[in-house]
Amino acid sequence: MTADSPQPNVPNGASAVHTDAEHDRQAVEVLLSVSQMVAGTLQRDAVLDSAIEAAAEAMNAEACSILLRDDDTGELCFHIVKGERTEGLDSARVCVDDGSIAGWVANHAQALLVGDAYQDPRFNPAYDNRTGFRTKSVICVPLTAKEKQLGVIQVLNHRDGRPFDEADLDLAVAVASLIAVAIHNAAEHEARVAAERIATVGQTIAGMAHCIKNILNGLQGGSYIIDQNIEGGQLPKVKRGWDMVKRNMGLLSNIVLDMLSYSKERKPVCKACSVNDLCRDVMALLKEQAAGRNVMLTSDLNDDLPEVELDESAIKRCLINLVGNAIDACEAHKGATTIETRPADSPGRFILCVRDNGCGIDAAALKKVFNPFFSSKGSKGTGLGLPVSKKIVEEHAGTLRVHSTPGEGTAFVIELPVRPPGDRPA
Amino acid sequence: MAKALIVDDEADAREFVRAILESDDWEVEEAEDGEAGLAKVGETKPDLIVLDVQMPKKDGFAVFGELAKNPDARDVKVIMLTGVGEKMGIAFSADDMGEYLGKEPDAYVEKPIEPEAFKRIVKKVMGTT
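Quick look at the structure:
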């Protein structure tokens, strides 16, 4: 450790005891508060957010950062920072071998207290130069859980202006161990959820294989028909074969995309777009499917909708599923499916609704309709379309609800925020 | 000209089998579900029925069961199309099916269909190889 740490003030014996007990009580309170803050959630990003708040508060520090090790490359990178000057730091990568306090602590797996950063040869002023922050004293502690180093946590500059001391270091080590456990638990939880999703997909590969085999049959069929007729130049028949191939390629694409969407956690990549244009695109895509069953496909799009920020390809996938289902549910030659958009009753949100006048869903099925691999479409259904749609909508912090009357029809109602919530400043 | 009836709820599957059979000079009729299929058997009196197993409302096994009981359909050959079989690594026992149905279909063909193999099976079933 550094030579610079000052000794705590101890005027006389009695005060010293009182100071120690008071100090211990405070420390316990701080640890309790940290523990509650980080244990409140299993979502990794939320844990990191809480951790940084808790640590900065507990250590009374001007700035705090958590750097985590990349599982693949072993590089330490800034995962989250808090403090007065943090622009330019959010995605900085610190090489573990780098000259830096964080790198040293990670490499040596040892907590470090540095009273005067600029006097310490391990300190790297590059990050100060990037942000304009002036580091005075630093405490850096490895984050280790179950014998695995997750990264390090750093606190900079005590708000009282004094350098950090040994007591601060002890507290920081305790705080770091709580935070490490919370991060580890969140990672385990995420891994479990992901494994469950993949297992679900794996379990019913047999069920989906049937659907996929029908598609392969369609592709074989189309190819065969083309082969039979291409030598003889029978163009109309060749066209029928080619249409069959295209149709089944579309079905295959949908299944694969749904499976991929379902099995991964995916943060929406939101960009400005027009919801009404998106609806028009989906209608164009599904026009042939509707025409094939002689089902009317219409829209009721509200012109007052503002420009929104969405992951366009994800919401499109969602709509394709809902509208495709609606068309299939409608009775051939009589059915009608409508896509509606309008602002929601709550401010900052809007509604996307897919309505059909088809067979409707009975109460028992309505409860299971979002379960994976529950399908009423026989060999055509994969049972993933609705769970995937719900997942996509929820990843956008929206809701997907269904209302249905057997014999009359069904409406799937998506409510989404106009802008993604929680846009964190850098 | 020999007459065949295809019973399958998938339009593409029906078109595929039609293309294969027509290339061997069969006259082909289609039905898109079990009930329609049974009705068509009475109307057209086919020599061969290609019957899909997985259909909504009335599946291939149910249709086959009724055919087996119908004296008019006694001589009709039946090829069943299934999505389950060796290609999926599932051993499909014809004996089990025979027991279950009381009578065995003349052949099982697993999807996706291989056109040349299918033609051979049809010839074998019709005794025309």
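Each protein sequence line maps, in turn, to chains V and G. Mapping to our numbering: the first sequence position 135 is 200, numbers consecutive. Mapping to our numbering: the second sequence position 93 is 91, numbers consecutive. Here a beta-carbon is modelled for each residue, glycine too, at the ideal position from N, C-alpha and C. Every value quoted in this text rests on a predicted model; they were computed, and no experiment measured them.
Per-residue contacts from E64/G into chain V (C-beta, under 7 Å): Here the premise fails: no neighbours, minimum Cβ distance about 20 Å.
Span of the beta strand (DSSP E) holding S411/V? That residue, S411/V, is in no beta strand (DSSP E); it is neither H nor E in DSSP.
Do we get a CB-CB distance below 9 Å when we pair A105/G with the residues of chain V? no
Neighbourhood of E64/G by C-beta, 7 Å cutoff - its chain only, sequence neighbours within 5 removed: Counting only Cβ-Cβ distances below 7 Å, and skipping sequence neighbours, we find L36.
At which residues does the beta strand (DSSP E) containing C383/V begin and terminate? Careful: C383/V lies outside any beta strand (DSSP E), inside the alpha helix (DSSP H) at 377 to 394.
Where do the N-terminal and C-terminal ends of the beta strand (DSSP E) with I145/V fall, by residue? It spans 141 to 147 - the beta strand (DSSP E) in which I145/V sits, taken as one unbroken run.
Residue burial classification, V48/G (beta-carbon count within 10 angstroms, cutoff 16): buried
Determine the direct distance from the alpha carbon of I204/V to that of A176/V, and round the result to whole angstroms. Straight-line Cα distance between these residues: approximately 8 Å.
Between the region 16 to 31 of chain G and chain V, which residues of the former have CB atoms less than 8 Å from a CB of the latter, in chain order? Result list: A17, I18, S21.
Does the Cβ of T196/V have 16 or more other Cβ atoms within 10 Å, making it buried, or fewer, making it exposed? buried
Q293/V versus A401/V, G306/V, V310/V, V360/V, residue with shortest Cα-Cα distance: If we check each option's Cα against that of Q293/V, G306/V comes out closest.
In the DSSP assignment, what residue or residues form a beta bridge with H468/V? A476/V
Could you give the C-beta distance for G423/V and G474/V, rounded to a whole number, given that I count them as a contact under 8 Å? 6 Å
On the DSSP bridge assignment, give the partners of G216/V in chain order. Beta-bridge partners assigned by DSSP to G216/V: L133/V, L208/V.
Identify each residue in the region 279 to 290 of chain V for which the Cβ-Cβ distance to at least one residue of chain G is less than 9 Å, and report them in chain order. N279, I280, L281, N282, G283, L284, Q285, G286, G287, Y289, I290
Can you check whether the CB of C418/V is closer than 9 Å to the CB of I479/V? Inclusion of I479/V and C418/V in the CB contact set at 9 Å is warranted, their separation being smaller than that value.
Quick one: is E8/G near chain V, going by C-beta distance under 9 Å? yes
Classify V453/V as helix, strand or coil using the three-state DSSP reduction. helix
Do you know how far the Cα of N222/V is from the Cα of D181/V? 10 Å
What are the residues that DSSP puts in a beta bridge with K1/G? E25/G
From V453/V to C383/V, what does the alpha carbon distance come to, in whole angstroms? 7 Å
Output the distance between the C-alpha atoms of F229/V and V103/V, rounded to the nearest integer angstrom. 23 Å
Using three-state DSSP, classify A121/V as helix, strand or coil. helix
Which same chain residues end up closer than 6 Å to G287/V when comparing Cβ atoms and leaving out the 5 residues on each side of it in sequence? G306, M309, V310
Using alpha carbons as the reference points, say which of D136/V, K332/V, N367/V, N125/V lies closest to D342/V. N367/V
Can you tell me where the beta strand (DSSP E) with M361/V in it begins and where it stops? 361 to 366
Tell me, to the nearest whole angstrom, how far the beta carbon of K433/V is from that of E374/V; I am working on the premise that it is less than 8 Å. That pair is no contact at about 33 Å.
Please classify N390/V as buried or exposed, where buried requires at least 16 neighbouring CB atoms within 10 angstroms. N390/V comes out buried.
The beta strand (DSSP E) with M111/G in it runs from where to where? Here the sequence assigns Ile to residue 111/G, which means Met is not the residue at that position. Neither: I111/G is in no beta strand (DSSP E) and is coded neither H nor E.
Rounded to the nearest angstrom, how far is the Cβ of I111/G from that of Q214/V, given a contact under 8 Å? Incorrect: roughly 57 Å between the Cβ atoms, too far for contact.
For E118/V and A237/V, the rounded distance between their alpha carbons: Straight-line spacing of the CA atoms in A237/V and E118/V works out to 13 Å.
Output the boundary residues of the beta strand (DSSP E) element that contains M309/V. From DSSP, M309/V is part of no beta strand (DSSP E) but of the alpha helix (DSSP H) over 300 to 328.
Along the region 239 to 262 of chain V, what residues have a CB closer than 7 Å to any CB found in chain G? Listed in chain order, the positions of the region 239 to 262 of chain V with a beta carbon within less than 7 Å of a beta carbon of chain G would be empty, since no residue qualifies.
Proximity of T406/V and D365/V at Cβ, strictly below 9 Å: yes
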